[in-house]
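Chains as they are written, first to last, in this note's numbering: chain A, 1 to 352; chain B, 353 to 704.
Number of protein chains: 2
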Amino acid sequence: MSTRRATIADVAREAGVAPSTASVVYSGKAAVADATRARVLEAAARLGYTGPDPRAASLRRGRSGIVGVVFGEHLGRAFLDPVKTLMMDGLAEAVAPLGAGLLLLRDEPAAADAPTLTTAPVDAAVLINCSARLRGSLAAARARGIPLVVVEGDAGEGVPRIDLDNREAQRQAASHLRGLGHESAVTVTLPPHAGWRRGWMSDDDASAAFNVTRDRLAGVRDVYPRAPAFAAETTSIDEGVAAGRVLFAGPAARPTAVIAQSDLLAAGVIRAAEEAGLRVPADVSVTGFDGIVVDGLAPYRLTTLVQPAAEKGRAAGVIVSTMLEGGTAAGILFTCAFREGNTTAVAPRSPR
Amino acid sequence: MSTRRATIADVAREAGVAPSTASVVYSGKAAVADATRARVLEAAARLGYTGPDPRAASLRRGRSGIVGVVFGEHLGRAFLDPVKTLMMDGLAEAVAPLGAGLLLLRDEPAAADAPTLTTAPVDAAVLINCSARLRGSLAAARARGIPLVVVEGDAGEGVPRIDLDNREAQRQAASHLRGLGHESAVTVTLPPHAGWRRGWMSDDDASAAFNVTRDRLAGVRDVYPRAPAFAAETTSIDEGVAAGRVLFAGPAARPTAVIAQSDLLAAGVIRAAEEAGLRVPADVSVTGFDGIVVDGLAPYRLTTLVQPAAEKGRAAGVIVSTMLEGGTAAGILFTCAFREGNTTAVAPRSPR
DNA sequence: TTGTATGCGTTATCAC
DNA sequence: GTGATAACGCATACAA
């Protein structure tokens, strides 16, 4: 082994061709005679050259082939949410033809020297659920001309958004319950803001909440203006159980209808209801949100709003691709589909 | 806006300092007079310069600050497994001080031009559950001097491995059951290989299996040499339910002890048992593997083997860090801890 | 503490 | 089809 790693220039010299020719052998950007190609490849093998250095290539090309994904929460937590996972799937798929991989970034770097939107070699970035915290690096990224897309959040003017008709969709679920004769309902929501501790939400909390939480709550209140809102700490079955236990604690005021802001929460509420000796949907109706497959919930099929999670990711990928090619792209508003399952039914005759 | 983005050279000129000085202002690698710093920063602001270009910096430094994570399976699926999620957590934490982000890579590029170990600007890579498929790019990565670590898999000589004492650990669970008087047991395993369809495993399947599947099965058979093995398609509660339904189908030969290779599968088996009218642990004992919190399984606490999932990720991160600093690192063998819950009990008197 | 001079390894451009 | 050349934008060794 030589003292220094072989470069494409070494290979070209060894093969007796110009560097540009050797480069083309690897990039395929132009036609090369078979004999020439063979000579180059042989020389490379002799020198132990394994292809162009991605770092140098990306400097020269002005592209790294990397799309940053910025999460507004702990990575481990984000991946526990099937909706996010599905989105990542769609996103990965959409940016693949672009030759891009996904770089995981947080909006609040743990370590001082952790990579950020501005220090990582990303061609574009997708912001998920991100908070106001990163407005600074956002501005820098935009000044630098890095295409940005935000999924369910607000990154300010000029950043395309992928959104959901949360309010309207949630209103459908509420209307469905109303149509079944439920005169009141309780809603179990996603956290209103970072660091929230499980509990009942005040009106102040409600107005300051994350977009998603706030909009879905508004949808409920369009139908049930006085619906109490219990906010969970995160989206999980266990959180749903915890919330459900509170709702079903006093036999006095047990709700007959519970509107959960996620399928996981709904699944937990159902379990808590069973625990309290209530039958679903005979005694209490429960709706979810997301339309994911809840592992282990069978034989229940949730009445829920099916959101196009993978589509959202795919759309984000398509938008950054378009922008990278110099096009401009508007945001997209996705629509949820109401799906009736077997967790909602006509309200019991005598309100409990 | 000028026709061309400002570079650090432009900033230096505008500020009336040398490029190296401007560079130092951003890197902090040397002391700079406050007045000088201020001049540089002002000039930068005037020119709309937002900091060094990461691509150029990484070429010059020879480091990109990116660690590749290569999965042997569909990304969406990988993240559905809490163990993987925890590992990613630990890994992210361990590479953060290194100033590195995680780049998600697949071992079987979907698109022809999807990024790979060899085309992505990674400083190092962690391979998770990867298959033989990528031996080619592995060789290239090693030739190029990219530090590699493999978690629960085999990447050939010279690649440090993070492993688990799967066989010994699983043997403990089996011994525990044997000690409780269970004379036979059935095991529900992880898939023996990619693309496996749910079903009973033959001895041929068993020997050709993934390391993890094979070793845990061996642990069971150390205690119950004739234990039948039913292999799931993936690790999830629903798969566990499906497997459990098969096990508990014929009232004739119902097992009194089921050894599942993951907590999720165990949770499903328990649910299937309840469905079949069996009580856990009175009628049937069930053990899991992983020691994760199974969302929604309460009030059961699984008897299981607790594996240090986050530790494994952290160790992988530490090893690549060490190797990046020129050190050499050996692999690590982690140990699982047996934890008794309330899903195992003395075998019922009359075998069913 | 600041400045000077190089080169990191490629690839785009254009002429041949 | 192939070759010569010039950037890409920066960080570092070393001198001042």
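Using N, Cα and C, we set each Cβ at its ideal position, and we do this for glycine too.
Could you check whether Thr235/A and Val258/A sit closer than 9 Å to each other, using their CB atoms as the reference points? no
Express the C-alpha separation of Gly400/B and Met353/B in angstroms, rounding to a whole number. A caution first: Met353/B carries a pLDDT of 42, below 50, which makes its placement in the model too unreliable to give a value.
Would you tell me roughly how many angstroms separate the C-alpha atoms of Arg216/A and Gly497/B, rounded to the nearest one? 51 Å
Contact check, Gln307/A vs Leu190/A, beta carbons under 9 Å: no
Nearest to Asp362/B by alpha carbon, out of Thr388/B, Ala396/B and Ser379/B? Ala396/B
Taking 6 Å as the limit between beta carbons, can you name the residues of its chain near Thr343/A, skipping five residues before and five after? Val280, Pro281, Val286, Tyr300, Leu302 and Thr303
Return the chain-ordered list of same chain residues with a C-beta closer than 6 Å to the C-beta of Ile644/B, the five sequence neighbours on each side being excluded. Pro434 and Asp615
Quick one: what does DSSP say Asp458/B is sitting in, helix, strand or coil? Here residue 458/B turns out to be Arg, not Asp, going by the sequence shown. Residue state, collapsed to three classes: strand.
Tell me where the alpha helix (DSSP H) around Gly640/B begins and ends. Counting along the chain, Gly640/B falls outside any alpha helix (DSSP H), and DSSP gives it neither H nor E.
Beta-carbon of Ser2/A versus every beta-carbon of chain B: anything under 9 Å? Caution is warranted here: a pLDDT of 45 is assigned to Ser2/A, below 50, making its placement in the model unreliable, and the coordinate value is therefore given only provisionally. For Ser2/A, the answer is no, since every Cβ of chain B falls outside 9 Å of its Cβ.
Residue span of the alpha helix (DSSP H) that contains Thr674/B, given as start and end: Ala661 to Leu676
Report the rounded CA-to-CA distance for Asn563/B versus Asn129/A, giving the unit in angstroms. 38 Å
Top-ranked residue by Cα proximity to Ala347/A, from Gly268/A, Thr328/A and Pro255/A: Pro255/A
Asp517/B versus Ala689/B: straight-line alpha-carbon distance, rounded: 10 Å
Residue range of the alpha helix (DSSP H) that Leu353/A falls in? Because chain A in this structure spans residues 1 to 352, residue 353/A falls outside the shown range and cannot be described.
Measuring CA to CA, which of Ala249/A, Leu297/A and Ala298/A is closest to Glu275/A? Ala249/A
Residue-chain proximity (Ala601/B, chain A), Cβ-Cβ < 9 Å: no
Between Pro192/A and Ala173/A, which are expected to be in contact by the criterion C-beta below 8 Å, what is the C-beta distance as a whole number of angstroms? With 8 Å as the limit, Pro192/A and Ala173/A do not qualify as a contact, their Cβ atoms being about 19 Å apart.
Nearest to Ser379/B by CA position, among Arg391/B, Gly403/B and Val369/B, is which residue? Gly403/B
Just the Cα atoms here: how many angstroms apart are Glu183/A and Ala227/A? 10 Å
Out of curiosity, what's the CA-to-CA distance linking Leu104/A and Phe423/B? 15 Å
Within the present structure, is the beta-carbon of Gly442/B separated from the nearest heavy atom of the ligand GDP by less than 8 Å? Here there are no bound small molecules, and the ligand GDP is not part of this structure.
Relative to the alpha-carbon of Thr539/B, which residue among Arg549/B, Val572/B and Ala382/B has its alpha-carbon at the smallest distance? Val572/B
Quick check: Ala218/A and Arg178/A, are their CB atoms within less than 9 Å of each other? no
Contacts of Pro121/A in chain B (Cβ-Cβ under 7 Å): Pro406, Arg407, Ser410, Ser416 and Pro473
If I'm right that Val151/A touches Val126/A with Cβ under 8 Å, what's the distance once you round it to whole angstroms? 6 Å
Which value, in whole angstroms, describes the spacing of the CA atoms of Leu599/B and Asp441/B? 35 Å
Between which two residues does the alpha helix (DSSP H) holding Ile270/A run? Asp263 to Glu275
Residue-chain proximity (Gly288/A, chain B), Cβ-Cβ < 9 Å: no
Helix, strand or coil at Asp647/B [DSSP, three-state]: coil
Output yes if chain A places a C-beta closer than 9 Å to the C-beta of His528/B; else output no. no
Contact under 9 Å by Cβ, Ser137/A with Arg407/B: no
Using DSSP's beta-bridge definition, name the partner residues of Arg339/A. Thr304/A
Show which residues of chain A have a CB atom less than 7 Å away from the CB atom of Ser588/B. Asp295
Here's the rule: buried if 16 or more other CB atoms are within 10 angstroms of the residue's CB, otherwise exposed. What is Ser554/B? exposed
For Ala438/A, return the contacting residues in chain B, with the cut-off set at a CB-CB distance below 9 Å. Since the first residue shown for chain A is 1 and the last is 352, residue 438/A is missing from the structure and cannot be characterised.
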